[in-house]
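Chains as they are written, first to last, in the working numbering: chain A, 177 to 833; chain B, 354 to 703. The beta-carbon is built from N, C-alpha and C at its ideal position, and this holds for glycine as well.
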Amino acid sequence: MRRRTMIAFIVTASFGCFLQAQPIFPQPLSPRIANYIIDVNLDVQEKTLVGRETLVWTNTTRDNIRELQFHLYLNAFRNSESTFMKALGGASRGLSMSEGEWGWTDVTSMRLTDGTDLLQGARFIAPDDGNARDMTVLRVPLPTSVRPGRSVTVEIAFSARLPKVLARTGYAGNFFFVGQWFPKVGVYEPKGMRGKPAGGWNCHQFHSTTEFYADYGVYDVSMTVPKGYVLGATGIQRSIVERPDGMLTHTYRAEDVHDFAWTCSPDYEVVEDSWDHVKIRLLIQPEHADKQERYLQSAKEALAYFDKWLGKYPYSNLTIVDPPLFASGAGGMEYPTLITGLSVSYLPESVRLVELVTIHEFGHEYWYGLVGSNEFEEAWMDEGLNQYSEGRIMDALYGTDRSVLDVLGYHEGDVESNRISYVGMDNPKIAPMSIPAWEYASGGYSAVTYSKTATVLATLERIVGIRVMDEAMRTYFERWRFRHPGRADFEAVINEVVRKHYGTAFGPSMDWFFSQMIGGTDVCDYEVTSMVSQPVTVPRGRGADTSRVEDAERRFESVIVVSRLGEVVLPVDVRLEFADGDTMRMTWDGKGRVLRIRETRPARVVRAEVDPDRKLLVDVNIINNARAESVGTSVFWKYALKTLYWFQNVVHYTALF
Amino acid sequence: MTTPSSPVLLLNGAYNAWQRRGIIATLYAVNLLLAVPLMLTLRAVLSNAVGSSPYIESLLQGYDHTIYSDMTRHHEEIYEFVKRSFIPLALVSLVLNAILGPGLVASFEGDGPVRQFFHDTARFFWRSVRLLLATGLVAAAVVVVCVLLAGAAWMMMTKGDVVEPTYLSAIIVSIAIVGLPLVYLVLSAEYARIFLVRNDMSSSFKAMWNGLAFVGRHPVRMAALHGSVAVVLSFSVLFYWIFEDAVGMTSVAGIFVVLIFQQASVLVKVFTRVWNTANGVGLVSTITPDIPVVTSQVPAPAELQATLPLPEPSAAIQPVAGPRRRRNVGRRVGMRPTRMQRRPRRGRHK
């Protein structure tokens, strides 16, 4: 019996290997620089991984490469001395680590195919902060350099322990989310790439505010987990083989991706659906089963929107993982063809958490997955662009003023939520968008990287028009998919498309906008400072021209003062409304501090507005953008009376309990 | 003697509360007098802060997150005023609690004239303050102990688990561990006040103890009587919210209609509070009747009783007549003449 089982295993495994080698795409979509074959076993009791990895890395640059650098992300959870844990202060999203819950990766062997041991010369480095206790980047000198166009194959054996879920990866009960789990080679950037002055490895330490950056390639991964565990992973499932010891080996292949993550749990319920060419597989917690339609529908809406807006999602599958609430640190994450959502039992439909997270994370399939920006150094280029995309989709689907929340009269749209997150910061000048993610002071990272970027892009969209913005975004996506663009590449595309449509109407380029908004910290704030109308003074006295006295008596001179309170200079529209219903509109370049408008008309000015179409979402105070001769008082009564009710309740329940 | 059923007590309580419309109106007026000046000041603060911006008008049509958040962020004086108002308002209301509570209980001993109500509020003020402090002390101790217990229960229940049903159960258990004792304590304070007034007790701690004992002995009655009032109150609040949402406050007429309904809702709340007290007084009266001998032997009409000197307590109850010497007042509470019966003597030391 045992022998028969062994034969069956060998036959099935061989068939699996055959399938595994079958390509998914007829032609490579990406340069396929870093390619992995990984075989890993998960011990669900000990929370450990034991794996073997074969990396084939190709030098596509003109440089001779004398070393490799590897990310060992799990070492961020090794102890409290890592750069990650020090910055985090021991807790994230309300989760914290205690003894017995640490995680790590140990590379037990690293050899070239000829048997050369690479570990002997390997050293941990800390390129960002010099923390000698941080073990998240391993520098591995090579005995001979890898010449341009040549490849190097490295055989690696590693053992790892998953941390309790704190941030993105780990275990919680019998739920396992295995992300950033294998020794992963960094990105070698030649001179000129993303504005680099010299070639070198881009392999940063793992920080609490940073995410990832890697080269595209092919992943063939075999994961062995206990029978009864449902498994989901990046890529396409090629086989499931039962081993003689009763464990199951799941084999997946993913092409033209730059990361590989997987998850398993015996509790998952599996729901399958499809959109166009994409098979959607939802792994959902039983207690969230009633949310499956919300997950699937929002994923399909996102697929459709991105497909129409930017271009085709090239992969044939998408896996959505619903983690348990108390492993929420693993929720809201993106990996190629696999995203994690977030849900809570009894969540009403009007709180669109499931939809928002699903749409956001799917958006990363484009901004991170397909356009591989550097999340360490230019986080705004994936999180910010994605947040902008999320706002557009959410508002289009669920309403501009209630797409995020619509509960008991309180409602909030996604775009306006982004704006308020940015302008509502204690210090919106805390940092520019363009700095590396780990340099943000506490609290600044998400508001600047996500919210400010989204608001800046939404402002740009309103300045250049949505049609031009769409074309620019599509051009950027098409030009940079499966590549690693930098800030200059993004700006160049915007400049190109704006120039194509407007010539030099906005100047030779849009750099005036980018330098202030992406590279600067100043804020934008326009104000209608005053608005006065007075009857025109009738000429009197000896020698005065009294021929037009009758006319003058019927005319008013209005003086409107518009001020720029912030340092950011953006062109802005000013609109005046007169008592006879007439209106007047003009554009102010905003370069001065004050614009004084004098207008003599038969009617008084009754309303003045700066930025009447609300193009400048970056304006930190909308309230002072308008002034009117008379403002209805009903609204004050409304809120005063609402508060009266609360005052009365305080009195009632305190005085009479 | 058989005690009336809870529905009968509830109906009697509602009737008795309705009979004290003057007191209800007084309580409502006090409430309004405290809240209206704050409301008018807030209106002025709003007008001064953003009165020139027409964008504010969008808030009349409904909630506008952008305008609302910009307004509150750039004009912190609005929220500051509201925040600064609540604590003094709550403190003044606490003092009012000590003043109004005993008067309300006492009003159920007679016909409930407003003049008598004010007289009794003054008479019991200091004892009521002491009762309030005693309740506060006991509540603080109970909260500390219960929070510790709830924490321990939470840790035990959620250890090693990550799914929501477990945590939901733990939340329910934790809330029950903290909430039920607090409900018990609030009810006890209510009954302590009743005992304090009815028995003219001088010791607030004893009254508190009696309240605790009484509520502990009649949990089903408590749930039926006070739970019913709580349900009515909850429905009235819910109904108000639905009404406000349906009418909206988007025009002068809408604001006026909601204002009328809002004040009606506050009146209903005051009524339910008076009703609640009426139920408590009714329950105490039926379970520990006022001097059984007297009530069974004097069927004279109320007007006549008021003109006649009441008999001295029987010999059987003489040894426990002095409130300060008594032990375990809760159990013997019915053996002592009530305040009404001793009223002709005027003053508890005569």
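Look at His427 of chain B here: in three-state DSSP terms it is helix. Nearest to Lys512 of chain B by C-alpha distance, out of A:Ala755, A:Phe353, A:Phe690, A:Phe502, is A:Phe502. The residues Pro324, Pro366, in chain order, have a CB closer than 8 Å to that of Arg238 of chain A in the same chain once the five nearest residues on each side in sequence are set aside. Runs of the alpha helix (DSSP H) lying entirely within the segment 456-497 of chain A, each at least 4 residues long, are 468-485 in chain order.
Cβ-Cβ separation between Tyr544 of chain A and Glu553 of chain A: approximately 14 Å, too far for a contact (criterion under 8 Å).
An exposed status is given to Gln198 of chain A, since fewer than 16 other beta-carbon atoms sit within 10 Å of its beta-carbon. Under the DSSP assignment, Pro711 of chain A falls in the beta strand (DSSP E) whose first and last residues are 702-711. Segment contact: the segment 493-510 of chain A against the segment 407-422 of chain A, three or more CB-CB distances shorter than 8 Å; contact assigned. Under the Cβ criterion of 7 Å, Gln413 of chain A is not counted among the residues facing chain B. Sixteen is the threshold: since fewer than 16 other Cβ atoms of the shown chains lie within 10 Å of the Cβ of Leu490 of chain B, the residue is exposed. Closer than 7 Å to the CB of Arg780 of chain A there is not a single CB belonging to chain B. Counting along the chain, no alpha helix (DSSP H) covers Cys379 of chain A, and no H or E run does either. Per DSSP, Leu533 of chain B is not a residue of any beta strand (DSSP E); the alpha helix (DSSP H) it occupies stretches across 517-551.
Non-local C-beta neighbours of Ala523 of chain B in its own chain, meaning closer than 8 Å and more than five positions away in sequence, comprise Ala506, Trp507, Met510, Thr511, ordered along the chain. Chain order gives the chain B residues near Glu592 of chain A as His418, Thr419, where near means a beta carbon separation below 8 Å.
Under a criterion of Cβ atoms nearer than 9 Å, no residue of chain B is adjacent to Phe653 of chain A; the nearest Cβ is some 30 Å distant.
Inter-segment contact for the segment 217-226 of chain A and the segment 337-352 of chain A is present: three or more beta-carbon pairs are separated by less than 8 Å.
Proximity of Gln203 of chain A to chain B, defined by a Cβ-Cβ separation below 7 Å, is not satisfied.
For Ile606 of chain A, no beta strand (DSSP E) run applies, since DSSP gives it neither H nor E.
A check of alpha carbon separations from Leu318 of chain A across A:Tyr347, A:Ile416, A:Thr345, A:Met286 identifies A:Met286 as the nearest.
Rounded to the nearest angstrom, the Cβ distance from Val530 of chain A to Lys476 of chain A is 13 Å, too far for a contact under 8 Å. In the three-state scheme derived from DSSP, where H, G and I count as helix and E and B as strand, Phe334 of chain A is classed as strand.
Among the residues of chain B, those whose CB is under 8 Å from the CB of Gly585 of chain A are Gly415, Tyr416, Asp598, following chain order. Straight-line measurement puts the Cα of Glu592 of chain A at about 28 Å from the Cα of Asp665 of chain A.
Taking 7 Å as the cut-off, the beta carbon of Phe477 of chain B is found closer than this to the beta carbon of Pro455 of chain B. Pro366 of chain A has no beta-bridge partner at all, per DSSP. Distances from the CA of Thr312 of chain A to each of A:His383, A:Asp290, A:Val699, A:Gly355 were compared; the closest alpha carbon is that of A:His383.
Cβ-Cβ separation between Ile412 of chain A and His426 of chain A: approximately 11 Å, too far for a contact (criterion under 8 Å). For chain B, the residues of the segment 473-501 of chain A that bring a beta carbon within less than 9 Å of one of its beta carbons are Pro499, Pro500, Leu501, in chain order. Annotation: Leu535 of chain B has no Cβ neighbours in chain A at a cutoff of 9 Å; minimum Cβ distance is about 11 Å. Take Leu399 of chain B, set aside five residues on each side of it, and the residues of its chain with a beta-carbon closer than 7 Å to its own are Ile431, in chain order.
The beta-carbon of Ile200 of chain A is placed no less than 7 Å from the nearest beta-carbon of chain B. Only those residues of the segment 808-820 of chain A whose C-beta falls short of 9 Å from the nearest C-beta of chain B are listed: Gly808, Thr809, Ser810, Val811, Phe812, Trp813, Lys814, Tyr815, Ala816, Leu817, Lys818, Thr819, Leu820. Listed by position along chain A, the residues whose Cβ is nearer than 7 Å to that of Arg480 of chain B form an empty set, because the closest Cβ is around 17 Å away.
The C-alpha of Pro778 of chain A lies about 9 Å from the C-alpha of Pro711 of chain A.
Think of a sphere of 8 Å around the beta carbon of Glu588 of chain A: the chain B residues whose beta carbon falls inside it are His418, in chain order.
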